[in-house]
Amino acid sequence: MSDAPAPTGPRSSLLDRLRGFGPAGVPEAPKPEAEGRLTRSVGMTLEAVGLNVSVGRQCQVINRDGRKIEAEVVGFDDDIVYLMPIKRVEGLQPGARVIPISSHQGMRVGPRLLGRVVNGLGQPLDDAGPLRGDDFLDFAPHDINPLKRHPISEPLDVGIRAINALITVGRGQRLGLFAGSGVGKSVLMGMMTKYTTADVVVVGLVGERGREVKEFIDHILGPEGMARAVVVASPADDAPLMRLRAAQLCSRIAEYYRDQGRNVLLLMDSLTRFAQAQREISLAIGEPPATKGYPPSVFAKIPQLVERAGNAARGEGSITAFYTVLSEGDDLQDPIADAARAILDGHIVLSRRLAEEGVYPAIDVEASISRAMPNIVAEPHLKSMQRFKQLLSRYQQNRDLINIGAYTPGADPETDAAIERFPHLRAFIQQGLGQAVQLDESINHLQRTLQPSGQAGAAQGRGQPGNGPAGPGPRRGALAAQHSGRGQR
Ligand SMILES: Nc1ncnc2c1ncn2[C@@H]1O[C@H](COP(=O)(O)OP(=O)(O)OP(=O)(O)O)[C@@H](O)[C@H]1O
Ligand SMILES: [Mg+2]
Numbered sequence: 001m002s003d004a005p006a007p008t009g010p011r012s013s014l015l016d017r018l019r020g021f022g023p024a025g026v027p028e029a030p031k032p033e034a035e036g037r038l039t040r041s042v043g044m045t046l047e048a049v050g051l052n053v054s055v056g057r058q059c060q061v062i063n064r065d066g067r068k069i070e071a072e073v074v075g076f077d078d079d080i081v082y083l084m085p086i087k088r089v090e091g092l093q094p095g096a097r098v099i100p101i102s103s104h105q106g107m108r109v110g111p112r113l114l115g116r117v118v119n120g121l122g123q124p125l126d127d128a129g130p131l132r133g134d135d136f137l138d139f140a141p142h143d144i145n146p147l148k149r150h151p152i153s154e155p156l157d158v159g160i161r162a163i164n165a166l167i168t169v170g171r172g173q174r175l176g177l178f179a180g181s182g183v184g185k186s187v188l189m190g191m192m193t194k195y196t197t198a199d200v201v202v203v204g205l206v207g208e209r210g211r212e213v214k215e216f217i218d219h220i221l222g223p224e225g226m227a228r229a230v231v232v233a234s235p236a237d238d239a240p241l242m243r244l245r246a247a248q249l250c251s252r253i254a255e256y257y258r259d260q261g262r263n264v265l266l267l268m269d270s271l272t273r274f275a276q277a278q279r280e281i282s283l284a285i286g287e288p289p290a291t292k293g294y295p296p297s298v299f300a301k302i303p304q305l306v307e308r309a310g311n312a313a314r315g316e317g318s319i320t321a322f323y324t325v326l327s328e329g330d331d332l333q334d335p336i337a338d339a340a341r342a343i344l345d346g347h348i349v350l351s352r353r354l355a356e357e358g359v360y361p362a363i364d365v366e367a368s369i370s371r372a373m374p375n376i377v378a379e380p381h382l383k384s385m386q387r388f389k390q391l392l393s394r395y396q397q398n399r400d401l402i403n404i405g406a407y408t409p410g411a412d413p414e415t416d417a418a419i420e421r422f423p424h425l426r427a428f429i430q431q432g433l434g435q436a437v438q439l440d441e442s443i444n445h446l447q448r449t450l451q452p453s454g455q456a457g458a459a460q461g462r463g464q465p466g467n468g469p470a471g472p473g474p475r476r477g478a479l480a481a482q483h484s485g486r487g488q489r
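Note that the sequence shown covers residues 1 to 489 in full-length UniProt numbering.
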């Protein structure tokens with residue numbers, strides 16, 4: 001495997017001898033550290049000997065033709081150091097020099113970071129020129145003492161009625177957005193970016209189709225969404241290390257704004273692709289697969305990433321995060337979905353059945369839950385949410401009977417109520433692409449939706465819910481009356 005000289009003497013003498021392998025004409029590295037030599041390249045993994053560097057260290061591989069390739073140390077085995085290139089590479093040669101480089105990784109940040117699109121290294125992908133700013137953001141993670149974290153105590157308005165009212169999200173909460181492909185994750189994330197009351201939105205597009213990045217920025221976010229958003233994009237054809245870096249960079253940018261006292265909404269699409277990037281790296285350097293091809297280190301990396309979101313100390317801002325998790329066919333065995341469910345503070349499930357019926361956003365209310373909700377909403381709101389779920393669930397249980405006409409009205413008052421309310425419950429979940437629904441209005445609308453027709457006039461203010469006046473709890477009854485007579489769906 002390795003044609004390096006046998007390590008007979010002390011390490012320094014071996015390294016001295018290895019220096020001699022460097023091709024003539026390549027400038028001598030300015031670093032005092034020993035440089036290595038490439039001995040093997042299989043798939044994305046590079047192996048070098050002669051280096052004395054730690055895992056995570058950046059190196060430059062200099063090909064004989066002088067081309068420089070940046071790579072990171074991802075593991076070692078005795079004298080062999082494993083590296084992974086950060087960008088995809090071709091044409092590497094055996095014996096290429098490997099030089100450790102100083103790794104003060106970071107990027108310039110400032111007010112003009114908003115509206116920009118960067119890659120996993122913090123380099124601009126848009127045409128708006130180099131990043132400028134007075135601050136230098138170091139990429140090293142920023143740890144928070146868990147005892148100093150401010151508990152989740154206030155709701156965050158995400159601008160989506162069904163989420164605001166039925167799966168209320170707390171500032172600093174971390175949620176999963178579980179869905180199969182094409183069910184509406186990107187559109188829902190775009191709506192949240194535009195309509196949330198968070199100060200800053202950081203969007204991570206990790207490992208998804210390259211075409212989607214532009215589509216998401218131009219069509220789903222648009223100038224309105226981009227105005228207070230930063231997008232970090234690393235599509236599926238990027239090297240796995242770049243995809244990992246992109247996921248970490250989103251968290252780092254979100255931390256930067258949180259440390260300034262801002263309320264940040266972090267949307268990452270997707271956590272599954274992040275896990276797959278980590279799997280590619282781990283398998284390539286020889287870690288044995290454990291669950292469904294995922295090596296154990298993947299399950300360690302997910303909490304490390306997710307734990308970076310959340311609240312800081314009191315008054316220091318928050319990161320509320322949504323991570324999309326690909327879950328096809330309700331596969332409860334999917335280890336990434338399992339791991340995500342265990343670590344996140346709630347999950348929103350998008351249902352293919354609803355999407356197929358044209359119900360958008362296709363939120364499966366029964367299957368979704370916000371674990372923070374009981375601590376951040378008033379008792380009547382919580383009761384309304386439970387009632388909504390009960391009615392919906394009762395209808396779904398009897399759906400087949402009702403559809404074939406086998407249910408006799410009057411047989412069960414609860415089922416009768418569910419049948420009477422069902423169109424209103426359905427309409428409640430639906431929300432137009434261009435429609436923002438504030439938190440207060442979402443709660444008001446929930447109350448109206450639950451009132452049987454006879455109690456609040458002929459109609460219950462459904463149909464154009466986003467247009468109604470918003471108001472706090474005590475005015476809800478009055479608002480319901482105001483809304484009576486609205487067009488029915
Ligand atoms: N709120 C909505 N209103 C109307 N149509 C929608 C809505 N959300 C999604 N759709 C439809 O569903 C399609 C897929 O949505 P989207 O791209 O958001 O799905 P996705 O889950 O991100 O897919 P992928 O897994 O491929 O990334 C859209 O092109 C659109 O036609
Ligand atoms: Mg998508």
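Don't be surprised by glycine CBs; every beta carbon is placed ideally from N, CA and C.
Alpha-carbon to alpha-carbon, residue j and residue i
i       : j       : result
Glu-287 : Val-98  : 23 Å
Gly-170 : Ser-153 : 7 Å
Gln-93  : Pro-85  : 14 Å
Thr-408 : Phe-428 : 26 Å
Glu-420 : Asp-412 : 12 Å
Leu-392 : Arg-108 : 50 Å
Gly-204 : Cys-250 : 6 Å
Gly-468 : Pro-423 : Only weak support is given to the placement of Gly-468: the predicted model assigns it a pLDDT of 35, under 50, and the question is left unresolved by the model.
Ala-34  : Leu-354 : 60 Å
Val-206 : Ala-372 : 27 Å
Glu-72  : Gly-56  : 6 Å
Asn-403 : Thr-415 : 13 Å
Glu-357 : Asp-65  : 58 Å
Pro-111 : Asp-199 : 13 Å
Ala-162 : Ile-363 : 8 Å
Glu-441 : Leu-382 : 15 Å
Pro-100 : Ile-69  : 12 Å
Ala-290 : Asp-334 : 13 Å
Val-74  : Gly-182 : 34 Å
Val-365 : Gly-346 : 12 Å
Leu-51  : Arg-67  : 20 Å
Ala-229 : Ala-406 : 52 Å
Val-232 : Tyr-256 : 14 Å
Pro-78  : Cys-59  : Note that residue 78 is Asp in the sequence shown here, rather than Pro. Going by the C-alpha atoms only, they are around 18 Å apart.
Any C-beta of chain B under 8 Å from that of residue i
i       : result
Leu-166 : Structure shown: chain B not included; a single protein chain is present.
Sheet register partners of residue i (DSSP bridge)
i           : result
residue 491 : Missing from the structure shown is residue 491; the chain here goes from 1 to 489 and no further.
Asn-52      : Beta-bridge pairing links Asn-52 to no other residue.
Ile-336     : None; Ile-336 has no bridge partner.
Ala-71      : Cys-59 and Pro-85
Ile-319     : Val-264 and Gly-310
Glu-47      : Arg-40 and Tyr-82
Val-232     : Val-118 and Gly-204
Phe-136     : Arg-108
Phe-299     : Note: Phe-299 sits in no beta bridge, so no partner.
Gly-170     : Pro-155
Tyr-294     : Thr-291
Pro-124     : Val-118
Arg-448     : None, per the DSSP bridge assignment.
Pro-130     : DSSP, once it has assigned bridges, lists no residue as partnering Pro-130.
Residue closest to residue i, alpha-carbon to alpha-carbon, out of the options
i           : options                               : result
Arg-426     : Gln-438, Asp-65, His-445 and Gly-434  : His-445
Ser-327     : Ala-340, Gly-315 and Gly-317          : Ala-340
Ser-370     : Val-359, Leu-344, Tyr-395 and Pro-361 : Leu-344
residue 491 : Ala-277, Val-42 and Asn-119           : Beyond the ends of the chain as shown, which are 1 and 489, falls residue 491; an answer cannot be given.
Glu-212     : Gly-184, Ala-239, Thr-197 and Tyr-256 : Gly-184
Gln-438     : Tyr-195, Ile-281 and Pro-240          : Tyr-195
Gly-317     : Leu-265, Tyr-360 and Pro-361          : Leu-265
Asn-63      : Gly-95, Leu-271 and Gly-210           : Gly-95
Gly-293     : Ser-282, Ala-48, Ile-443 and Ala-236  : Ser-282
Gln-386     : Gln-396, Pro-374 and Gln-397          : Pro-374
Ser-384     : Gln-60, Leu-450 and Ser-297           : Leu-450
Leu-433     : Ser-186, Arg-40 and Phe-388           : Ser-186
Ser-234     : Thr-39, Lys-87 and Ala-165            : Lys-87
Met-44      : Met-242, Leu-350, Pro-296 and Phe-299 : Met-242
Thr-168     : Val-49, Asp-79, Ala-247 and Val-377   : Val-377
- Environment of ligand 2 in chain order, Cβ to heavy atom below 7 Å: Lys-185, Ser-186, Glu-208, Glu-212 and Asp-269
- Message: Would you call the region 225-239 in contact with the region 176-195, where contact means no fewer than 3 C-beta pairs closer than 8 Å?
- Response: Inter-segment contact for the region 225-239 and the region 176-195 is present: three or more beta-carbon pairs are separated by less than 8 Å.
- Would you call the region 125-133 and the region 157-174 in contact, with 3 or more CB pairs under 8 Å? Contact fails: fewer than three Cβ-Cβ distances are below 8 Å.
- Evaluate the contact criterion for the region 317-336 versus the region 162-182: three or more CB pairs, one atom per stretch, below 8 Å. yes
- Message: Pairs of beta-carbons, one from the region 308-322 and one from the region 131-150, closer than 8 Å: are there three or more?
- Response: yes
- Message: Contact between the region 272-287 and the region 117-127 is defined here as three or more beta-carbon pairs at a separation below 8 Å; is this criterion met?
- Response: no
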